[in-house]
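J.: Structure incoming, see below.
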Amino acid sequence: MHDPWANAAALDGLAIDHIGIVVRDLAPTLAWLRGRGFRVNDGVPLMGADGPLGQISAHCVFANGYVEISTPVPGSGNHLEPLLAQGEGVCILALATSDAAADHARLGALAAGRPRASSRRVQLREGEREARFVWFPLTEVVPGAITAVVEHRDPDIVFAAELREHPNGATRLADVLFGAAPALPALAAGDEQAAALLGQGLSPGIAGFSIGGCTAFADRRTGFHARGLP
């Protein structure tokens, strides 16, 4: 039996950077968030060294992390297409690092691919800026989901104060529950397995997400709950 928390100790020191939601159509989820008083930018293409990555993503930003809502361009070969084939929902856990190269070396066999340079456009009041980042995937830490490590080269753009001005007054995310379906009852109960993962530097201050049913998605494989803290 696969233990979803088996590699938790190796992730010590890595906080949650963002949670990723994969959907077929961005519009309903963006409307759902905006209808609850969250600021979310419109979707923009993610870019790689050789051009578009075949992924359109929107972002809902807080002081302690953000929510990324993404859809793959059909037929693009983007790594999100297999996830979407399983159903819409919370499918990505991205952990933060200040040095992707060093953590790639430190994590060894847990690193499933080389660091990749990417970027996206961010619209600010002063004009459009480019937010650059480096990331690499991990092996299956949470079954059925992508776990990755990301280093922001332009955190002042990604976490700009104006992007965190939510009409509902939220400034921080409130909680995070993220795991394979068999582990969810344990997570919700706060047992030792849950504490083992969430206590290994996975930013217990971030919140607002749980795996479970959600009316925001057509499928029920995973779910999404947003709760902001003033």
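Take the sequence shown: its letters are residues 26 to 255, numbered as in my numbering. Glycine included, C-beta positions come from ideal geometry on N, C-alpha and C. Computed from a predicted structure; not experimentally measured.
(1) Using the Cβ count rule (16 or more neighbours within 10 Å means buried), how would you classify Thr96?
(2) Pick helix, strand or coil for His84, following the three-state DSSP scheme.
(3) Report yes if the C-beta distance between Arg197 and Ala88 is below 7 Å; otherwise report no.
(4) Can you pull the DSSP bridge partners for Arg146?
(5) By a C-beta neighbour count over all protein chains shown, 10 Å radius and 16 as the cutoff for buried, is Gly90 buried or exposed?
(6) Could you check what DSSP says for Ala221 in three-state terms: helix, strand or coil?
(7) Residues bridged to Thr96 by DSSP?
(8) Under 7 Å between C-beta atoms, does Gly194 make it to chain D?
(9) Relative to the C-alpha of Asp124, which residue among Phe161, Arg59, Asn66 and Gly194 is closest?
(10) If I follow the unbroken beta strand (DSSP E) through Ala40, where does it start and stop?
(11) Given a threshold of 16 other Cβ atoms within 10 Å of its Cβ, counted over all protein chains shown, does Asp67 qualify as buried or as exposed?
(12) Considering only the beta carbon of each residue, do Leu55 and Val65 sit closer than 7 Å?
(13) For Ile81 and Ile46, which I take to be in contact (beta-carbon distance under 8 Å), what is that distance rounded to the nearest angstrom?
(14) Measuring only the C-alpha atoms, how far is Arg145 from Glu151?
(15) Name the DSSP bridge partner or partners of Trp160?
T.: Straight from the coordinates:
(1) Working through the sequence shown from its first residue, we reach residue 96 at position 71. That one is buried.
(2) Here residue 84 refers to the residue found at position 59 when the sequence shown is read from its first residue. Strand at His84.
(3) For this step, residue 197 is matched to residue 172 along the sequence shown. For this step, residue 88 is matched to residue 63 along the sequence shown. Yes, Cβ-Cβ distance for Arg197 and Ala88 is below 7 Å.
(4) Residue mapping note: residue 146 aligns to position 121 of the sequence shown, counting from 1. Note: Arg146 sits in a beta bridge opposite Glu155.
(5) As a first step, residue 90 is located in the sequence shown; it is residue number 65 there, counting from the start. So Gly90 counts as buried.
(6) The residue you call residue 221 lines up with position 196 of the sequence shown. The predicted position of Ala221 is uncertain, since its pLDDT is 34 and thus under 50; no value can be drawn from it.
(7) Walking along the sequence shown from the start, residue 96 turns up at place 71. Ile81.
(8) Any reference to chain D falls outside this structure, which holds one protein chain only.
(9) In the sequence shown, counting from the first residue as 1, residue 124 sits at position 99. Considering only alpha carbons, the answer is Phe161.
(10) Taking the sequence shown and counting its residues from 1, the one referred to as residue 40 is at position 15. Ala40 to Val47 is the extent of the beta strand (DSSP E) around Ala40.
(11) Walking along the sequence shown from the start, residue 67 turns up at place 42. Per the 10 Å Cβ criterion, exposed.
(12) Numbered from 1 along the sequence shown, position 30 holds the residue referred to as residue 55. Numbered from 1 along the sequence shown, position 40 holds the residue referred to as residue 65. Going by C-beta atoms, Leu55 is nearer than 7 Å to Val65.
(13) Reading the sequence shown from its first residue, position 56 is the one you call residue 81. Reading the sequence shown from its first residue, position 21 is the one you call residue 46. Between Ile46 and Ile81 the Cβ distance is about 13 Å, and since that is not below 8 Å, they are no contact.
(14) The residue given as residue 145 occupies position 120 in the sequence shown. The residue given as residue 151 occupies position 126 in the sequence shown. Pairing Arg145 with Glu151, the inter-Cα distance amounts to about 16 Å.
(15) Within the sequence shown, the letter at position 135 stands for residue 160. Beta-bridge pairing links Trp160 to Arg141 and Val175.
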